[in-house]
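Report on the structure given below.
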Amino acid sequence: MNTRQHAAAVALAMAAGSFSGASLADVRIGFLATLSGGGAALGQDMVDGFNLALEERGGKLGGQNIQLLKEDDQMKPDVGVQAVQKFIEKEKVDLVAGVTFSNVMMAVAKPLADADITFVGSNAGPAPLAGKLCSKAFFFASWQNDNQAEVLGKYATDKGYRKVYLMAPNYQSGRDQVVGFKRFYKGTVAGEVYTQLNQPDYSAELAQLQAAGADAVYAFFPGGMGVNFIKQFKQAGLLGRLPLLTASTVDGTQLPALKEMALGTLAGSFWGPDSANPASKAFVAAFEKKYGRIPSQYAAQAYDSALLIDSALKKTGGRVADKVALRNALRAADYASLRGAYRFGPNGFPIQDFHVFEVARDAGGRVSLKQVGTPLKAHQDAYAGECK
Amino acid sequence: MSPELLFIQALNGLQFGVLLFLMAAGLTLVFGIMSFINLAHGSLYMFGAYFAAAAYQATGSFLVSVGAGFCGVFVLGALIDRCGFFVLHRRDHLDQVLATFGVVLFSNEVARMIWGASPIFMELPESMADSISLFGLSYPAYRILIIAVGLVVAVGLYLLIERTRIGMLIRAGASNRSMVAALGVNIGWLNTFIFALGAGLAGLAGAMVGPILSVQPGMGDPILITTLVVIVIGGIGSIRGAFLGALVVGVVDTLGRTVMPFVLRQSLDPETANTVGPALSSLAVYVLMAVILALKPDGLFPVKKR
Amino acid sequence: MNSMTHTHGGQTLLGMGKGRLRVAVTVVLTGLFLLVPVYAGVAGDSYSLILFGRVLVFALAAVGLNFALGYGGMVSLGHAMYLGLGAYTVAILSHHGVNSGVVHLLAVGAVTAVLAVPVGFIALRTQGIAFIMITLAFAQMLFFVFVGLKQYGGDEGLTIAELSGFGALTANKTALYLSMMVALGLALALLRRVVASRFGLVLRATRINERRVRAVGTSPLGYRLVGYVMSAELCAVAGYFLANLTAFASPAYMAWTVSGELIVMVLLGGTGTLVGPVVGAAVFLLLEEGLKALTDHWMAIMGPVIVLIVLFLKDGLWGLLGDGESGKGGH
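Chains as they are written, first to last, in this note's numbering: chain A, 1 to 388; chain B, 1001 to 1306; chain C, 2001 to 2331.
Next comes the structure, spelled out in structure tokens:
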């Protein structure tokens, strides 16, 4: 069906809908994720999570047939912009969801806002979009980038660690994470090390860490960097000797490559696969049945994005043309989320609990994440005040 | 910074350099003797790591996994050279770059289709997971093993090239290809052997790093760039250059990451030092290469052409 | 680079003279590019302006790179640096409230010259693979500098709130598209004249035999440096357009992979031909777009396609249409 035919069909259906009050046109959702190259593991999990929610509902959300259009941004901002323009101009989508990495998120924010498109974010939550560049049309079913570090900062303070050594790659997210940790950490910083982006070998940094006399380590190494770091931290004989607090370093995409090697590592997140929440239990069981692996938090976030959209479409009776009504319905976040109840702040980021997890064996003996505490309750990000 | 820590960091630099040498030796042989730029060298390294991880999962033996990494990629190298790459030997460098770039895209995707997009499991066997104590700092024993393997390979290559008949042919080929062919040597098979040997060394490097790095699609791309830096600094085609270039790059990179931020912290306020230090250390290797090439365009140890 | 493919003129399958076939294809291509805004207007599908706009951006950058690579024999693996530099010049000026399009363009030209002259001067001391690597080194340095520039967004990039201002035409997608076409057309016309000039003659000669150029009393360095800077400027202008097209500047624009892709585009289309890189950029980007729609594993198809093109189309796609222009010739 080409665009003109489609537009005509939409017009017809809408006309019919306004008379009968039923049989609305399909809702079109554009899903943007990184599906090729080095970041593909995260993007693939997001797509799998979103698809699972759709399948469970027979291809419908909020009782409406969903046409899901998927695009790969290759982790390149310019390709992301092009894909979003395709969603907006060519596919005439009603909603955009997904987005894996912050650099793509920053690039697509302006075209989305300019076209006044409703957006449901499933992972990336860069600081500017929570603050100065916030939009009333954006809802992040995930978390703001700093949050996972903040909860560990609070945890370190609660535990009474006095000298923490901070490590992150030298790029924006890495620096934001260190700032986030320090925001809630009251002790002294034993050292601050920024490694090269995609650095394979950390032996030099680990030697320095040992010389610094720290009593705990905070590390943020997403993707393959995390696998490298944990393996080498363990081989240097440090795991178990020093508490290791991490963000995005031992998540569901990295643990299968680490297994027992990561046992004892601590991680901050808003959700873990051991959650006792009934919605979460059902999701984990369904995901394992379909894909044969423990879902990562990225799969959970995307699944939750679909649930959020589902709840909003239910409320509006499937109407997407009234953008204000749709956004009010999304803002209510009135559904059984995997993380339990939460609400949206004025910037479209959740005000939610953050937990600390330990890498441990689950009931089936597999290495997974086990919740050990909830240092931050109903936590809001630091930038919401800048959102006017 | 204490002298003990400095020594440990120098050891780390040596270890990284030795790893780079395993990669660089193959690349520089193929480039210097066959005049063939193989961007897919990083993909061979990736396959080495995957083969090793697969073998380790199947057998649980570290020795078998390293053997699988080297032999698997040696055979793979011989096959792809015989089945296709030999056509490229006679093309100009740009065609080789373009074709092998295509091979890189293909290999990364094949790895992803077979083993998935996420990193796969590979660990160090218990027996080698210990760390030894050096000046009060614990140092992973496995790193010492990497250094030892790298040095053994370096000596082995030296003996192969300087003391054997095949080495003589390789040396002759590097200086004057057509002359070797004219003497009745089957240069096609010699080329295939060199290519497979280089591939096998890349596979060995991949197998050796499997336990310490993330085994995932595209893992060979960043190391390829650093390896190219090494062989250009060392002088293309020279094994000695590759060895010394790898050590120089390994040490400069490691000390750039550790000593430079330390020095900056002494002279600048912490905030500025934390901003400037990491940026400068990312540049260190590239600045080194730019300076060396600007002064000695043929690298530090150029091979004499006749 | 020692490919001296011999010309074998004559008739093509279509029975047309090769030169004439190329003219025909050029006309058809221009027509197709011109039809895009018409289609976008009629169908209300301004996405096509973005898609083909990106093709035009990379075509312009590839044409620029080809001037150094194809005519001057300077295989630069660092030209994405200038693409990113052009984009950042626009973004940073706009960030500080300077929105005039004319100022943006002038600044792009000036900043690029300030960088390209010293970089070219140092890099041109080397040749062959060393030149490839030294240009890569400089591009990597600039990449890491921008990744670390926190005040301009670091690796998360910089959103451009106000695009380059040209009065009522500011941020008009059709106007932007047409201006890219004009820029590409101007670049091709300019290079056509330059290549045919004495300067172009010497530049091409340095690629084939530098010693002889020296022997007739001409210093090749000056010619090569001017060629390198011109080529960099064209890439930077492409960066200016990329910034306006995406309203964004990112270090990802100057990643070494982008430099590699630019070389692929040039080779795909045909080195040392004027229009070849345009064809190469269009085929590369549209193929990528098409394959991505088919499968997530599109790279498993893209890779072998590139290999096949190298093996069977020695002179690139444009080479299929004959050897009318003499970028590779001169012997």
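Glycine included, C-beta positions come from ideal geometry on N, C-alpha and C. Note that this is a predicted model, so its numbers are computed, not measured.
For F1074 of chain B, the closest alpha carbon among the candidates B:L1044, B:A1099 and B:I1146 is that of B:L1044. Spanning the alpha carbons of G191 of chain A and L1011 of chain B requires a straight line of approximately 22 Å. By the criterion of at least three beta-carbon pairs nearer than 8 Å, the segment 358-368 of chain A is in contact with the segment 267-279 of chain A. The Cβ-Cβ distance between A33 of chain A and S1118 of chain B does not fall below 8 Å. Note on geometry: alpha-carbon atoms of L266 of chain A and V356 of chain A lie some 7 Å from one another.
What P1211 of chain B touches in chain A, judged by beta-carbon distance under 9 Å, is K231 and Q235, going in chain order. Cβ-Cβ separation between G373 of chain A and Y218 of chain A: approximately 16 Å, too far for a contact (criterion under 8 Å).
Apart from the 5 residues on each side of it in sequence, R1240 of chain B sits with its Cβ closer than 6 Å to the Cβ of F1301 in its chain, given in chain order.
In terms of Cα proximity to T157 of chain A, the closest of A:K132, A:T188 and A:N170 is A:T188.
Around the Cβ of K289 of chain A, a 10 Å sphere holds fewer than 16 other Cβ atoms; the residue is exposed. Looking at the DSSP output, D72 of chain A shares a beta bridge with A:A33. Contact annotation: the segment 2047-2058 of chain C does not touch the segment 2189-2203 of chain C, with fewer than three C-beta pairs closer than 8 Å. When only Cα atoms are considered, V1285 of chain B and Q199 of chain A end up about 13 Å apart.
The C-alpha of K323 of chain A is placed about 29 Å away from the C-alpha of Y2039 of chain C. A residue is called buried when at least 16 other Cβ atoms come within 10 angstroms of its Cβ; S1133 of chain B does not meet this threshold and is exposed.
At a Cβ-Cβ threshold of 8 Å, G2078 of chain C and T2135 of chain C count as neighbours. Closer than 8 Å to the CB of E1123 of chain B there is at least one CB belonging to chain A. Excluding the 5 residues flanking it on each side, A2175 of chain C has same chain C-beta neighbours closer than 7 Å at L2169, in chain order. Between G1237 of chain B and G1032 of chain B the beta-carbon gap is near 2 Å, inside 8 Å, which marks them as a contact.
Going by C-alpha positions, G30 of chain A is about 6 Å away from K70 of chain A.
Cα atoms of G226 of chain A and M1219 of chain B: separation of roughly 13 Å, rounded to the nearest angstrom. Within the model, the alpha-carbon separation for L197 of chain A versus P169 of chain A is close to 5 Å. Between D381 of chain A and D146 of chain A, the CB-CB gap stays under 8 Å. Only I1225, L1228, V1229, V1232 and I1236 from the segment 1222-1251 of chain B bring a Cβ to less than 8 Å from some Cβ of chain C. Residue burial annotation: S1214 of chain B is buried, with at least 16 other C-beta atoms found within 10 angstroms of its C-beta. Using a Cβ-Cβ cut-off of 8 Å, A2139 of chain C does not count as an interface residue toward chain A, since no Cβ of chain A sits closer than that to its own. Residue-level contact by beta carbon holds for A41 of chain A and chain B, with a gap shorter than 8 Å. Between V81 of chain A and chain C, the shortest Cβ-Cβ separation is below 8 Å. Residues of the segment 2230-2254 of chain C with a C-beta atom less than 9 Å from some C-beta of chain A are L2242, L2245, T2246, A2247, F2248, A2249, S2250, P2251, A2252 and Y2253, listed in chain order.
Contact residues of the segment 1264-1286 of chain B toward chain C are T1275, P1278, A1279, S1282, L1283 and Y1286 (C-beta to C-beta distance below 8 Å). Per DSSP, the unbroken beta strand (DSSP E) holding L245 of chain A starts and ends at L244 to A247.
Here DSSP, grouped into helix, strand and coil, assigns P200 of chain A to coil. Distance from the CA of D94 of chain A to the CA of D334 of chain A, rounded to the nearest whole angstrom, comes to 20 Å. Rounded to whole angstroms, A1040 of chain B and T1100 of chain B show a C-alpha spacing of 5 Å. Beta-carbon to beta-carbon, M1034 of chain B and S1107 of chain B are separated by about 20 Å, too far to satisfy the 8 Å threshold. L152 of chain A sits in a helix when the DSSP states are folded into three classes.
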